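What follows is one structure encoded as structure tokens, with my remarks underneath.
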Amino acid sequence: MSVSPFDDPMLSGLLGDAEMADLLSADAQLRAMLRFEAALAEAEAEAGVIPAAAAQAIVAALGGFDPDVAAIATATARDGTVGVELVRQLRRCVGPPHDQLVHFGATSQDVVDTGLILRLKEMLPIFASRLHAIIAAIAELEQRFGANRLMGRTRMQDALPITASDRLSHWSAPLARHLDRLEELSPRLLRLQFGGAVGTLDKLGDKRVAVATALAARLGLAAPERSWHTERDGVVEFAGWLSLVSGSLGKIGADAGLMAQNSVGELTLQGGGASSAMPHKHNPIAAEVLVALAAYAAVLAGGMQATLVHEQERSGARWMLEWLLLPQLLMTTAAGLRTASTLLGQITHMGSPA
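Read in order, the letters of the sequence shown correspond to residues 0 to 353 in numbering that gives the first Met the number 0.
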């Protein structure tokens, strides 16, 4: 087993998600950070902070810039963030006389955080699209099997008869609410990070608002009233949303696994997993994955709460904790959505056994 099952050469077939992995890759991170630096130079030239010639030179250099990732990795062990060495390399690439105007007024956290938000902006439509597809798949199951009878169970014990539609509605309703939640929280999440050394943009003087506004517009992000270096509630709120989605998918997985038991026979799945010892078995693998991912998401979301405790104007430790947890949570939820679609597509019958 490798460090992460999401990119393990074997387990990734079960738990990975190629689309999300691409957006979480080092290449995607670097592209997003370079977008920030190019837009920053243009916004500062527009506001008269740096000469237009400097911005043109910076943007031109960025177009052909090939970062030395190995050097960034080595320097990050010392500097504690990828942004420091990246800016060093950018300044060398631009060269005199404009090299010291690269990243002017910004700090490494600005480029790293904004790079994250730019990638999250690409991820949100993916999450929304997958949720819509799952809701549609549940609606199709309701059309096919909704009138069929099931045994309603409370506390894992037989209670009173219900219909398949009754149970399916409990699968889809939370997912619809999650779409509403995503739309509502997005403006609080998709915000530019731009504060400079201690969050005050001190080097920009009376041009700070003009630069921040122009920079946000160029990146398609909201311009916050101030930096959110230590105000991580937007990111943590989104982490909570990811955990909610994973938990709701886990409920689907738990129900499906119980209904598919031989002794219950209320759900028939096509393409279940094989057993190396018992050829007659068809294990509900997708259902199990959803339950496991839901539990993992809950653990990760709890850890994300701890990232709120940033000390004073900047924190290294809590910021690093976010780097450890958030990518795993993004992959967990993406893999859950992919797996839920697979599971729903495997259902060939729902209802009490004849």
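Even glycine gets a Cβ: it sits at the ideal position worked out from N, Cα and C.
On a predicted model such as this, the values are computed, not experimentally measured, just so you know.
If we ignore side chains and look at the alpha-carbon of each, how far apart do V329 and L191 end up?
Position 330 of the sequence shown, counted from the first residue, corresponds to residue 329. Position 192 of the sequence shown, counted from the first residue, corresponds to residue 191. The residue you asked about is not Val; residue 329 is Leu in the sequence shown. One C-alpha to the other measures close to 20 Å.
Please go through the same chain and pick out, in chain order, the residues whose beta-carbon is closer than 6 Å to the beta-carbon of A209, but skip the five residues on each side of it.
Start at 1 with the first residue of the sequence shown, and residue 209 comes out as number 210. These residues qualify, in order along the chain: A46.
Against chain C, does V288 count as a neighbour if the rule is that its beta carbon must be under 7 Å from one of theirs?
Going by chain labels, chain C is absent from the structure shown, which holds only one protein chain.
Would the stretch 33-53 and the stretch 97-108 be scored as touching if the rule is three or more Cβ pairs under 8 Å?
yes
Whose C-beta lies closer than 8 Å to the C-beta of T347 among residues of the same chain, with five residues either side of it excluded?
The residue given as residue 347 occupies position 348 in the sequence shown. T267, L268 and Q269.
So does the stretch 76-85 actually touch the stretch 107-120, counting three or more Cβ pairs closer than 8 Å?
yes
Along the chain, where does the alpha helix (DSSP H) that runs through R30 open and close?
One-based indexing of the sequence shown puts residue 30 at position 31. Its alpha helix (DSSP H) spans residues A25 to E45.
Distance, W322 Cα to A53 Cα:
If you number the sequence shown from 1, residue 53 lands on position 54. If you number the sequence shown from 1, residue 322 lands on position 323. Taking the straight line joining both Cα atoms gives about 33 Å.
Span separating the alpha-carbon of T199 from that of V290
By 1-based counting over the sequence shown, the position of residue 199 is 200. By 1-based counting over the sequence shown, the position of residue 290 is 291. So the two alpha carbons sit approximately 45 Å from each other.
Exposure of A333, with buried meaning 16 or more beta-carbon neighbours within 10 Å:
For the purposes of this step, residue 333 is identified with residue 334 of the sequence shown, where counting begins at 1. With 16 or more other Cβ atoms within 10 Å, it is buried.
Between which two residues does the beta strand (DSSP E) containing Q156 stretch?
Counting from 1 along the sequence shown, the entry for residue 156 is found at position 157. Where Q156 is concerned, the enclosing beta strand (DSSP E) stretches over Q156 to T162.
Close beta carbons around Q364, own chain, < 6 Å, minus the five adjacent residues each side
There is simply no residue 364 to check, as the chain begins at 0 and stops at 353 in what is shown.
Mind pulling the alpha helix (DSSP H) runs of 4 or more residues that sit fully within the stretch 299-353?
316-345
When you compare only the Cα positions, how much space is there between G264 and E236?
Numbered from its first residue, the sequence shown carries residue 264 at position 265. Numbered from its first residue, the sequence shown carries residue 236 at position 237. Each residue's alpha carbon lies about 39 Å from the other.
Assuming contact is defined by CB atoms lying nearer than 7 Å, are L100 and I134 in contact in what I supplied?
Counting from 1 along the sequence shown, the entry for residue 100 is found at position 101. Counting from 1 along the sequence shown, the entry for residue 134 is found at position 135. The answer is no: Cβ separation not under 7 Å.
Should T306 be labelled buried (16 or more other beta-carbon atoms within 10 Å of its own) or exposed?
Working through the sequence shown from its first residue, we reach residue 306 at position 307. When all chains shown are included, T306 counts as buried.
Measuring CB atoms only, is the stretch 160-175 touching the stretch 142-149, in the sense that at least three cross pairs come out at less than 8 Å?
yes
7 Å CB neighbourhood of H97 in its chain, flanking five on each side removed
The residue given as residue 97 occupies position 98 in the sequence shown. So the list reads A53, A56 and I57, once near-sequence residues are dropped.
Go through its chain and collect everything with a Cβ distance to H309's Cβ below 7 Å, but skip five positions before and after it.
Working through the sequence shown from its first residue, we reach residue 309 at position 310. The answer, listed in chain order, is T229, R231 and R317.
Boundaries (first-last residue) of the beta strand (DSSP E) holding L149:
One-based indexing of the sequence shown puts residue 149 at position 150. Run containing L149: R148 to T153, per the beta strand (DSSP E) assignment.
Return the bridge partner residues of L268 from the DSSP annotation.
Taking the sequence shown and counting its residues from 1, one reaches residue 268 at position 269. BP columns for L268 point to I346.
When the distance is taken between beta carbons, is A300 closer than 7 Å to G239?
Sequence index remark: in the sequence shown, residue 239 carries index 240 (1-based). Sequence index remark: in the sequence shown, residue 300 carries index 301 (1-based). Cβ atoms of G239 and A300: closer than 7 Å.
Using a 10 Å radius around the Cβ and a threshold of 16 neighbouring Cβ atoms, would you call G350 buried or exposed?
Locating residue 350 in the sequence shown gives position 351, counting from the first residue. Buried is the call here.
Check A221 in the structure and name its three-state DSSP category.
As a first step, residue 221 is located in the sequence shown; it is residue number 222 there, counting from the start. Strand at A221.
Leaving out five residues before and five after S185 in sequence, what residues of the same chain have Cβ atoms less than 8 Å from its Cβ?
For the purposes of this step, residue 185 is identified with residue 186 of the sequence shown, where counting begins at 1. Counting only Cβ-Cβ distances below 8 Å, and skipping sequence neighbours, we find L123.
Determine the closest residue to R313 out of R91, D109 and R337, with distance taken between C-alpha atoms.
In the sequence shown, residue 313 corresponds to position 314, counting from 1. For R313, the nearest C-alpha among the options comes from D109.
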